[in-house]
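As they're listed, the protein sequences go chains A and B.
Just so you know, the working numbering puts 669 at position 157 of the first sequence, and the rest follows in order with no gaps.
Just so you know, the working numbering puts 619 at position 107 of the second sequence, and the rest follows in order with no gaps.
Worksheet for the structure shown next.
2 protein chains.
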Amino acid sequence: MLKNKCLKAKEAFAVLSSSTGQVRNRAIALMAESLEAEYEYILTENEKDIADAALKRLSDAMTDRLRLTKERIFAISASLRKVCMLPDPLGKGTVFTHLNGLTIQKVQVPLGLIAIIYESRPNVTVDAAALCIKSGNTVILRGGSEAINSNIALARVLRNALSASDLPADCIQIVEDTSRETATELMKLNGYIDLLIPRGGKSLIQAVVANSTIPVIETGEGNCHIYVDESADTEMALNIINNAKTSRPSVCNAAESLLLHRSVAATLLPLIKARMPKVELRGCAETLKILPDITAATDEDFYTEYLDYIMSVKIVADVKEAVTHINEYNTKHSDAIITKNPDAAEYFTVNVDAAAVYVNASTRFTDGEEFGFGAEIGISTQKLHARGPMGLDELTTIKYKVIGNGQIR
Amino acid sequence: MLKNKCLKAKEAFAVLSSSTGQVRNRAIALMAESLEAEYEYILTENEKDIADAALKRLSDAMTDRLRLTKERIFAISASLRKVCMLPDPLGKGTVFTHLNGLTIQKVQVPLGLIAIIYESRPNVTVDAAALCIKSGNTVILRGGSEAINSNIALARVLRNALSASDLPADCIQIVEDTSRETATELMKLNGYIDLLIPRGGKSLIQAVVANSTIPVIETGEGNCHIYVDESADTEMALNIINNAKTSRPSVCNAAESLLLHRSVAATLLPLIKARMPKVELRGCAETLKILPDITAATDEDFYTEYLDYIMSVKIVADVKEAVTHINEYNTKHSDAIITKNPDAAEYFTVNVDAAAVYVNASTRFTDGEEFGFGAEIGISTQKLHARGPMGLDELTTIKYKVIGNGQIR
């Protein structure tokens, strides 16, 4: 059954992949209009998911992630209009000429069919569909059971909008069956699906990486570190630590672990504790000597992305020990050093293995909007194809077009 | 045991990744010198593989692929000196500035540890090692049992050369145990290995794609097509078909399948047969009406990369039918149209899904050297990260270095 959806998407791709940027933008604008026109229908369907969430006794935070409101729907449609304004990623390229007169063009083209396996937030359904259409890709969306009524309603509205555009409705496919089997089946559809992007928690992403035979881009897990060097400015350190930990603890670019140079630990630790009273610190043995009231950190703590008001703390001898620790425990997302020493900054940025390395700034800036890419489909924590915030260019591949007049080798 | 090799490579990476281009080039130059100085030792070890090949009754072609000679070793060292001359892929990047004064640099950096699983030709041991070192990557080489004595000898010479350079010998790791288990173990070393490149036949590549949990780049399978359109120049068509099929049938950019527009088939087919007397044509039912003496092609034939003097032939109604056939049967490597009609050329190049699409030229040009990339580590037939000939840039990833002075979000 999923193969059928893929085959329909493939037919639609023949039209989509040769469409102009104008046609794709008009389709996305129609998607935005339809979401606004149909918001009451969407809210009715969303209510079913909210009622199910109550039955399943989901936490308030989880339920809030599921909930749509008129305001949230209009915010989603506003974001689609921003996608229309972004430059067309397709057709860009370089041209070079071969010795014997062949013209070789390297051109950006769509990947084909992109599968997204995601959890919770129904806005992913709309954002992912719009970014795929904008980049000339068809998409197959497989959201979680907790949001299935909302997702089906949103996909219906989007597909109807495409029908009114010059693109086929089949550019967008939704998997209604949210059983584990459909996810597993998707992961094995080599030859039908060109890229699989999991968006969700660690266990979802690990299951996809372990089981998919289709190329995957891992996104989103962020065990981000702040290292305060010997020479750091104390006030700057306190501001950055506080911002990175508490401005939005549930997101992947929030800091989870704090490393302190031995020479600054005794001064800084009480100030940090006072500055972030809501945050539970979990410290190494040496930290506990300075702050005897806090919990001891286990090795597991240093591997943990809390996504909560909790932070692990470790005292280190120098920037080298900090880098060694980070490369062992980080998720290759975002890590920062606070220092006045240019050598320490250079050593840190060269040797920390992460998508984004910061000097004297908060890790919270790792974000497609903040980096100026417009919308993002996720933050890649792997090294192949895309690293860091993934914008429209990361949803394309290249093709060599070679034009000759009879050349042979 | 393989984990130990990975850990040694990781230690070496700390030195390699922060080395200058000059240091890396000097190491590669020493590798070239050492190969020449030690050629007699290498030939002695290679003789053992050749003797084993005779015992195993390997074909002459297979044995020739294994064989090293003084001339071949010096050709390999000459190719290393060419690698030294290529521009450094590391450190290149763009710089942009964030609204509130953050400087964001997007810089090309090494991937880390690259594993290569390969068959036959011992020169892969040297080429792959040199390209990895040049691009700042450590490498773990797992060649086949048929060339193991040669591979161990080559790796020993290369590691000794590194010891005499400013880079650690452990940048290059070789797997001496060529059992199936070591290949399987490599494919699961997530967190240790950053990229796995299989080089070899279809079954090797498929096994790696199916079993690896590490990101893989598929290389080399080429079921390449030539489509002769209605308006094609007959002489040009004959030249290109003959060149693409017979100039080197055993390589991945050789043509395997010929599609002919119905209106030119009756004229062209006898000329093609006369032009390539060594080639066995296998035709569709309509082809057999024109050339009754040839074998009938099965559906399996159209999926087959023969790598031999065999070519499947099918008659089609137009460029659309040709493109549909190609997208079903090709391996997304290289496909060509021969035509005078710009609309047919445009339709073909936009809609054929392949790394390289040709108009009026031979598919044999898909090659790193021909495209001007210098050396290549393989030809990617997948769409993620790298597509087509893979040069040094494709062995790198990017990192964002963000420099601030206290910015918070």
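The beta-carbon is built from N, C-alpha and C at its ideal position, and this holds for glycine as well.
Contact between S846(B) and A867(B) holds, since their C-beta atoms are separated by about 7 angstroms, short of 8 angstroms.
The three-state reading of DSSP puts R774(A) in helix, counting H, G and I together.
For A808(A), the secondary structure class from DSSP, reduced to helix, strand or coil, is strand. Residue R899(A) holds the alpha-carbon nearest to the alpha-carbon of T843(A) among P854(A), K568(A), I540(A), R899(A). Those residues of the segment 700–733 of chain B placed with their C-beta closer than 7 angstroms to a C-beta in chain A are D706, L707, V721, A722, T725, P727, ordered along the chain. For K895(A), the closest Cβ of chain B is nearer than 8 angstroms. Residues S591, K594, V595, L598, D639, A642, L643, G880, E881, G903, L904 of the same chain have their beta carbon placed closer than 8 angstroms to that of A887(B), with the five preceding and five following residues left out of the count. Sequence-distant partners of M788(A) (beyond 5 residues in either direction) whose C-beta falls short of 7 angstroms from its own C-beta, in its chain, are N754, K757, T758. Here the alpha carbon of V791(A) sits roughly 15 angstroms from the alpha carbon of H737(A). For A867(A), the secondary structure class from DSSP, reduced to helix, strand or coil, is coil. Among the residues of chain A, those whose CB is under 9 angstroms from the CB of G900(B) are K618, I910, K911, Y912, following chain order. Of the candidates K714(A), A539(A), L770(A), E693(A), the residue whose Cα lies closest to the Cα of C796(A) is L770(A).
When C-beta atoms of the segment 820–834 of chain B are compared with those of the segment 853–863 of chain B, three or more pairs fall below 8 angstroms, so the two segments count as touching. Per DSSP, reduced to three states, the secondary structure at P727(A) is coil, with no helix or strand assignment. By the Cβ test, the segment 703–713 of chain B is not in contact with the segment 680–689 of chain B, since fewer than three Cβ pairs between them sit closer than 8 angstroms.
Flagged as an interface residue toward chain A: T861(B), by a C-beta distance shorter than 8 angstroms. Distances from the CA of E730(B) to each of L570(B), E768(B), A627(B), Q620(B) were compared; the closest alpha carbon is that of A627(B). Chain-order list of chain A residues neighbouring H610(B): F877, E882, F883, G884, by C-beta distance under 8 angstroms. Taking a C-beta distance under 8 angstroms as the contact criterion, C764(B) and L625(B) do not qualify as a contact pair.
In this structure, the straight-line span from the alpha carbon of E742(B) to that of N516(A) is close to 34 angstroms. Within the DSSP secondary-structure output, P710(B) pairs in a beta bridge with I629(B).
Only residues of its own chain outside the window of five on either side were considered, and among them N839, K844 have a CB closer than 7 angstroms to the CB of D865(B), listed in chain order.
Rounded to the nearest angstrom, the gap between the Cα atoms of P680(B) and Y870(A) is 29 angstroms. Taking the beta carbon of N751(B) as reference, the chain A residues within 8 angstroms of it are G918, I920, listed in sequence order. Neighbours of V871(B) in chain A, taken as residues at a C-beta separation under 8 angstroms, are given in chain order as K913, V914, I915, G916. At a C-beta separation below 9 angstroms, L623(A) has these neighbours in chain B: K895, L896. Closest option to Q534(B), judged by alpha-carbon separation, among D805(B), S546(B), D600(B): D600(B). With respect to chain A, the C-beta atom of S647(B) has no partner C-beta closer than 8 angstroms. The C-alpha of Q685(A) is placed about 34 angstroms away from the C-alpha of L907(B).
Around N755(A), the beta-carbon contacts reaching into chain B at under 8 angstroms are I920, R921. In chain order, K911, Y912 make up the part of chain A whose C-beta sits under 8 angstroms from the C-beta of A867(B).
Between M748(B) and G712(A), the gap from beta carbon to beta carbon reaches 8 angstroms or more. Annotated three-state conformation of K568(B) is coil, per DSSP.
Taking N663(A) as reference, the option from S647(A), S675(A), N635(A) with the minimal CA-CA separation is N635(A). Per DSSP, the unbroken beta strand (DSSP E) holding T609(A) starts and ends at 605–609.
Per the coordinates, the alpha-carbon of T556(A) lies some 10 angstroms from the alpha-carbon of E550(A).
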